[in-house]
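Protein chains in written order, with my numbering: chain A, 6 to 205; chain B, 179 to 336. Virtual Cβ for every residue (Gly too), placed ideally from N, Cα, C. Data block below; observations after.
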């Protein structure tokens, strides 16, 4: 090969090597599209997409705006992770609470909690102390107008070397005045491939 | 008299080299263009309703597979904006793209929330609808960003 023809070939090889080279650690946008996509676990973008879809559906239904008092008091009931991976369900529920609070339609009560426990025990104790000092101990506590339950399910299958996994996020909103479920939403996120990847 | 050879003549050397460099440069430019994000903003009439949409599409390839054809708004839960945008692909093959909404209040300040990137698959000649609900009643305006995904050699996108 002559030197004249090897020059452009080398230039192309150098350019390709530079583009395809090892990638050093870097910060990425947690809400961006260049995140790792895993075939065996729920990724942060999955929680993000599920919470946005569920909150959007709840707001679109208008059920929160029909509550007799505004903003309505909300409490989080049972949340079940029924997937093969163990993770803190607050990765989903906290996003949902943040988004719901931002709508201005609800506030999360700390007067009562699922199983008798609340997220902020000091808020509950202070609330009860103030009620006592105000002589309101005999009046009903700030009971929630709505309660939320949620469940995360997993469905995995494969064809040849291609794997497919679906995570199903289900959520129900109950009106405590009637004891009825007044809204239900479901968001399914399906991923397909042979191995984990970066970007979606 | 010496006959100029390919190796010895600067002019004969530069012709194929420049051609290759130009080709590499053109490929790099094309790949770089794949990284550009298209944006869509509503143009409002005097009554505040959407009259049309303004599209900024520096990424022509992306525009060919995700062109916004119209946009609609409604109010849900009494005071919260909901947006639906129809997106058309003129491509003859199934394509993917990513999109997200950005939300703004009356002062033009960005309102965070409900703004993550989402990936969508679009079929040939399909028109699909993307739907989003504003994160807060303070939202009065929005912008849709559309980005290419899985473009060659680089997976980094906004």
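Backbone CA spacing between residue i and residue j [nearest angstrom]
i: residue 317(B); j: residue 163(A); result: 43 Å
i: residue 51(A); j: residue 131(A); result: 37 Å
i: residue 331(B); j: residue 268(B); result: Here residue 331(B) scores only 43 on pLDDT, less than 50, and its place in the model should not be relied on; the value that follows carries that caveat. Whole-angstrom Cα-Cα distance: 24 Å.
i: residue 263(B); j: residue 84(A); result: 33 Å
i: residue 182(A); j: residue 120(A); result: 20 Å
i: residue 113(A); j: residue 302(B); result: 45 Å
i: residue 77(A); j: residue 134(A); result: 23 Å
i: residue 300(B); j: residue 222(B); result: 28 Å
i: residue 4(A); j: residue 236(B); result: Nothing about residue 4(A) can be reported from this structure: the residues present for chain A run from 6 to 205 only.
i: residue 63(A); j: residue 27(A); result: 44 Å
i: residue 36(A); j: residue 47(A); result: 15 Å
i: residue 103(A); j: residue 290(B); result: 11 Å
i: residue 38(A); j: residue 295(B); result: 6 Å
i: residue 92(A); j: residue 204(A); result: 22 Å
i: residue 253(B); j: residue 30(A); result: 43 Å
i: residue 233(B); j: residue 286(B); result: 19 Å
i: residue 43(A); j: residue 201(A); result: 5 Å
i: residue 66(A); j: residue 198(B); result: 59 Å
i: residue 227(B); j: residue 322(B); result: 17 Å
i: residue 68(A); j: residue 270(B); result: 42 Å
i: residue 137(A); j: residue 143(A); result: 9 Å
i: residue 218(B); j: residue 231(B); result: 6 Å
i: residue 274(B); j: residue 241(B); result: 12 Å
i: residue 266(B); j: residue 145(A); result: 55 Å
i: residue 250(B); j: residue 261(B); result: 6 Å
i: residue 123(A); j: residue 154(A); result: 15 Å
Three-state class that DSSP yields for residue i in the structure shown
i: residue 78(A); result: strand
i: residue 331(B); result: With a pLDDT of 43 at residue 331(B), under the threshold of 50, the modelled position of that residue is not reliable, and no figure is offered here.
i: residue 90(A); result: coil
i: residue 205(A); result: coil
i: residue 114(A); result: coil
i: residue 126(A); result: helix
i: residue 183(A); result: coil
i: residue 197(B); result: helix
i: residue 268(B); result: coil
i: residue 64(A); result: helix
i: residue 32(A); result: coil
i: residue 242(B); result: helix
i: residue 176(A); result: strand
i: residue 99(A); result: helix
i: residue 199(A); result: coil
i: residue 336(B); result: With a pLDDT of only 37 at residue 336(B), under the threshold of 50, the placement of this residue in the model should not be trusted, and no figure is reported.
Cutoff 8 Å: residue i Cβ touching any chain A Cβ
i: residue 219(B); result: no
i: residue 308(B); result: no
i: residue 259(B); result: no
i: residue 254(B); result: yes
i: residue 319(B); result: no
i: residue 285(B); result: no
i: residue 313(B); result: yes
i: residue 276(B); result: yes
i: residue 268(B); result: no
i: residue 264(B); result: no
i: residue 224(B); result: no
i: residue 230(B); result: no
i: residue 299(B); result: no
i: residue 325(B); result: yes
With 16 other Cβ atoms within 10 Å as the buried cut-off, status of residue i
i: residue 79(A); result: buried
i: residue 127(A); result: exposed
i: residue 57(A); result: buried
i: residue 110(A); result: buried
i: residue 89(A); result: exposed
i: residue 165(A); result: exposed
i: residue 324(B); result: buried
i: residue 151(A); result: buried
i: residue 278(B); result: buried
i: residue 281(B); result: buried
i: residue 272(B); result: exposed
i: residue 199(A); result: exposed
i: residue 312(B); result: buried
i: residue 258(B); result: buried
8 Å Cβ cutoff, residue i in contact with chain B
i: residue 205(A); result: yes
i: residue 112(A); result: no
i: residue 50(A); result: yes
i: residue 6(A); result: Here the model assigns residue 6(A) a pLDDT of 46, short of 50, so the residue's position is not dependable, and the following value carries that caveat. Judged by the 8 Å Cβ criterion, residue 6(A) is not in contact with chain B.
i: residue 55(A); result: no
i: residue 107(A); result: yes
i: residue 198(A); result: no
i: residue 69(A); result: yes
i: residue 201(A); result: no
i: residue 41(A); result: no
Contact set between residue i and chain C, taken where Cβ atoms lie within less than 7 Å
i: residue 295(B); result: Checking the listed chains, one finds no chain C in this structure; the protein chains it contains are A and B.
Any non-hydrogen atom of the ligand MG within 7 Å of residue i CB
i: residue 73(A); result: This structure lacks the ligand MG, and indeed carries no ligand of any kind.
| message | Please give me, in chain order, every unbroken run of the alpha helix (DSSP H) with length at least 4 that falls completely inside the stretch 273-327 of chain B. | response | Taking only runs of at least 4 residues, no alpha helix (DSSP H) segment lies wholly in the stretch 273-327 of chain B.
| task | Only counting runs of 3 or more residues, tell me where the beta strand (DSSP E) segments fall wholly within the stretch 120-170 of chain A, in order along the chain. | result | With a minimum length of 3 residues, the unbroken runs of beta strand (DSSP E) contained wholly in the stretch 120-170 of chain A fall at 151-164.
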